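Worksheet: one structure, shown below.
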Amino acid sequence: MSAYKELLQQRAELEQKITEARQNEISQAVNQIRSLVADFDLTVDDIFPPVTKAPRAASALAGNKVAPKYIDPVSGKTWTGRGKAPKWIDGQERSNFLIAA
């Protein structure tokens with residue numbers, strides 16, 4: 158028999174032994190867990206507590222209000238200077254609409 162075929166046969170035997178060993182250890186672990194559950198009268202919730210969703214971490218800028226920088230003297234509407242310029246200031250000299258600090 159070639160070395161390759163021998164190695165394949167050894168691998169198959171090892172995989173079988175691994176499967177058997179895993180099943181034996183799982184069986185032992187389950188028996189130990191059942192014993193502990195019975196000894197301490199544990200419930201499913203004691204072992205596997207309900208999963209609660211953790212609050213999402215807010216981004217650094219989320220929720221931060223920015224003070225308005227410009228005001229429309231006619232309507233009283235304000236603009237922070239961020240994003241698209243409103244129609245009342247678009248195309249005009251912005252310094253005329255600055256809010257006095």
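Heads up, the sequence shown is in the numbering used here, so the first residue is 158 and it goes up one at a time. Just so you know, even glycine gets a beta-carbon here, dropped at the ideal spot from N, CA and C. Treat the numbers as computed from the prediction; the structure is a model and nothing was measured.
Out of curiosity, what's the CA-to-CA distance linking residue i and residue j?
i	j	result
residue 256	residue 239	15 Å
residue 196	residue 164	47 Å
residue 244	residue 224	19 Å
residue 168	residue 187	28 Å
residue 199	residue 160	54 Å
residue 189	residue 180	14 Å
residue 162	residue 178	24 Å
residue 170	residue 210	45 Å
Counting along the chain, where does the alpha helix (DSSP H) carrying residue i start and finish?
i	result
residue 201	201-204
residue 195	160-197
Practice task
Decide yes or no for the touch test of the stretch 221-238 against the stretch 202-210: beta carbon pairs closer than 8 Å, at least 3 of them.
Solution key: no
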